[in-house]
Amino acid sequence: MSPPRRRDREALVRPYLITGGRAHPSGRALDLTALVRTERDTGYVELGPEHGRVLRLCSGGALSIAEIAAHLELPASVTRVIVSDLVDQGRLSTLSTEWDRHGPDRELLQEVLDGLRTLR
Amino acid sequence: MGLEPSGEVYLPDSVSTAVKVLVLGPFAVGKSTFVGTLSEIPPLHTEETMTRTGAVADDPHGITEKTTTTVALDFGRRTLSDRVVLYMFGTPGQRRFLSLWEDLAHGSLGALVLADVARIEESFDVMSVLEDRGLPYAVAINDFSSVEMPPREELREAFDLLPGVPLVSCDARDRQSTAQAMISLVEYLLTPSPGQSQESA
Ligand SMILES: Nc1nc2c(ncn2[C@@H]2O[C@H](COP(=O)(O)OP(=O)(O)O)[C@@H](O)[C@H]2O)c(=O)[nH]1
Ligand SMILES: [Mg+2]
Numbered sequence: 001m002s003p004p005r006r007r008d009r010e011a012l013v014r015p016y017l018i019t020g021g022r023a024h025p026s027g028r029a030l031d032l033t034a035l036v037r038t039e040r041d042t043g044y045v046e047l048g049p050e051h052g053r054v055l056r057l058c059s060g061g062a063l064s065i066a067e068i069a070a071h072l073e074l075p076a077s078v079t080r081v082i083v084s085d086l087v088d089q090g091r092l093s094t095l096s097t098e099w100d101r102h103g104p105d106r107e108l109l110q111e112v113l114d115g116l117r118t119l120r
Numbered sequence: 121m122g123l124e125p126s127g128e129v130y131l132p133d134s135v136s137t138a139v140k141v142l143v144l145g146p147f148a149v150g151k152s153t154f155v156g157t158l159s160e161i162p163p164l165h166t167e168e169t170m171t172r173t174g175a176v177a178d179d180p181h182g183i184t185e186k187t188t189t190t191v192a193l194d195f196g197r198r199t200l201s202d203r204v205v206l207y208m209f210g211t212p213g214q215r216r217f218l219s220l221w222e223d224l225a226h227g228s229l230g231a232l233v234l235a236d237v238a239r240i241e242e243s244f245d246v247m248s249v250l251e252d253r254g255l256p257y258a259v260a261i262n263d264f265s266s267v268e269m270p271p272r273e274e275l276r277e278a279f280d281l282l283p284g285v286p287l288v289s290c291d292a293r294d295r296q297s298t299a300q301a302m303i304s305l306v307e308y309l310l311t312p313s314p315g316q317s318q319e320s321a
């Protein structure tokens with residue numbers, strides 16, 4: 001008798017569990033669309049050259065994790081770890097859009113729709 | 121793009137909410153084109169690590185192997201109001217990239233499935249996985265003008281679309297057309313579906 005087949009889904013391990021991409025306080029890895037801002041302009045305690053590059057880029061304004069990764073040509077997993085380090089140091093803050101299992105509220109969807117309609 | 125991005129590279133300070141939509145479909149169906157057309161910034165690329173543990177084929181002892189791959193993602197951005205920004209991620213829709221787009225799907229509003237009218241069956245895989253995961257989607261048929269577009273009802277039947285799932289034709293190079301495809305998806309998300317509670321419990 002052969003064991004029951006493992007379903008495909010159970011065979012999947014989320015990337016951050018393996019890569020060590022650091023988790024957010026929520027327990028999830030930072031989303032690619034988490035928005036990153038500079039928190040305060042104190043002296044920088046050297047953590048590494050990549051951390052310095054992220055801080056310099058972010059000093060210009062808000063960007064998502066995905067954009068930071070793209071502009072600095074870093075893998076997303078590495079970017080998450082660096083941003084998390086800098087959040088721990090109080091130098092960056094992140095803002096993730098989280099919603100419950102019922103999904104985004106109608107007000108937000110309507111705002112998205114109105115914005116898209118101006119593009120036609 | 122220069123090393124020191126400036127100006128509109130950054131989001132307006134007032135933006136506080138990011139929403140995301142996945143743009144899925146087979147190779148060369150127009151995903152990157154679509155994202156680039158709607159994006160307010162030049163499309164960007166990054167790499168996401170995808171790890172998969174899989175049972176070694178038909179191994180009776182349940183031995184598994186672990187493989188890590190990096191997958192290139194392209195994405196774009198469009199600020200939609202003072203407060204809301206939309207990110208669009210174009211990603212290969214094949215099943216072997218499932219763990220990647222399953223992770224991307226977390227927190228997504230929904231997905232646009234692109235299909236080429238000459239090979240619509242290549243989009244079926246994506247659609248069934250989205251259905252399994254409960255992520256709402258709209259189908260945009262990219263009109264490459266190589267084949268005559270069949271009547272809408274025939275297409276709906278061929279795709280076996282549930283009632284209400286939007287089906288639009290789309291030229292991924294055209295701003296109005298891509299905006300309209302995105303609008304169809306969001307209008308669909310705003311349509312109360314039968315059995316779906318309006319209150320959050
Ligand atoms: N005629 C036509 N060509 C398109 C359309 N969308 C994309 N293309 C072309 O098809 C090719 C593949 O598009 P691409 O966006 O790279 O596909 P991807 O692999 O899904 O990202 C490119 O040469 C595009 O210029 C469309 O709507 N109509
Ligand atoms: Mg592409």
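Quick note, the sequences are listed as chains A and B, same order. Residue numbering for the first sequence follows our numbering, beginning at 1 and increasing consecutively. Residue numbering for the second sequence follows our numbering, beginning at 121 and increasing consecutively. Quick reminder that beta carbons are idealized off the backbone N, C-alpha and C, glycines included. Bear in mind that the values here come from a model prediction, so they are computed numbers and not experimental data.
In this structure, Val233/B sits away from Glu111/A, with a CB-CB distance that is not shorter than 7 angstroms. Taken from the Cβ of Ser152/B, at least one heavy atom of ligand 2 lies inside 6 angstroms. Restricting attention to Ser297/B, Asp133/B, Pro163/B and Arg295/B, the CA atom closest to the CA of Val36/A is found in Asp133/B. Contact annotation: in the region 63-77 of chain A, residues whose CB is within less than 7 angstroms of a CB in chain B are Leu63, Ser64, Ala66, Glu67, Ala69, Ala70, His71, Pro75, Ala76 and Ser77. Leaving aside the five residues that flank Leu47/A on each side, the residues in its chain whose CB is nearer than 7 angstroms to its CB run, in chain order, Asp85.
Between Arg239/B and Gly284/B, the alpha-carbon positions lie close to 23 angstroms from each other.
Among the CB atoms of chain B, one or more fall inside 7 angstroms of the CB of Val112/A. Within chain A, the residues placing a beta-carbon under 8 angstroms from that of Leu164/B are Ala66, Glu67, Ala70 and His71, ordered along the chain. For Tyr130/B, the nearest beta carbon of chain A is closer than 7 angstroms to its own beta carbon. Apart from the 5 residues on each side of it in sequence, Gly150/B sits with its Cβ closer than 7 angstroms to the Cβ of Leu234, Asn262 and Ala292 in its chain, given in chain order.
Per DSSP, Pro49/A is not a residue of any beta strand (DSSP E); the alpha helix (DSSP H) it occupies stretches across Pro49 to Cys58. Judged by DSSP in its simplified three-state form, Val191/B adopts strand.
For Asp245/B, the shortest separation between its Cβ and any heavy atom of ligand 1 does not lie below 6 angstroms. The Cβ neighbour count for Phe195/B, taken over all protein chains shown within 10 Å, is at least 16; the residue is labelled buried. Between Val141/B and Phe154/B, the CB-CB gap reaches or exceeds 7 angstroms. When DSSP reads this structure, Gly196/B sits in a beta bridge with Met208/B. Inclusion of Leu32/A and Ala66/A in the CB contact set at 7 angstroms is warranted, their separation being smaller than that value. Three or more Cβ pairs closer than 8 angstroms define a contact, and the region 246-253 of chain B meets that threshold against the region 214-228 of chain B. For Val288/B, the enclosing beta strand (DSSP E) stretches over residues Leu287 to Cys290. DSSP places Glu167/B in the strand class (E or B) of the three-state scheme.
Annotation for Ser297/B: the continuous alpha helix (DSSP H) segment containing it runs Arg295 to Leu310.
Relative to ligand 1, Asp291/B has its C-beta within less than 6 angstroms of a heavy atom. Here Arg253/B carries a helix assignment [DSSP, helix/strand/coil].
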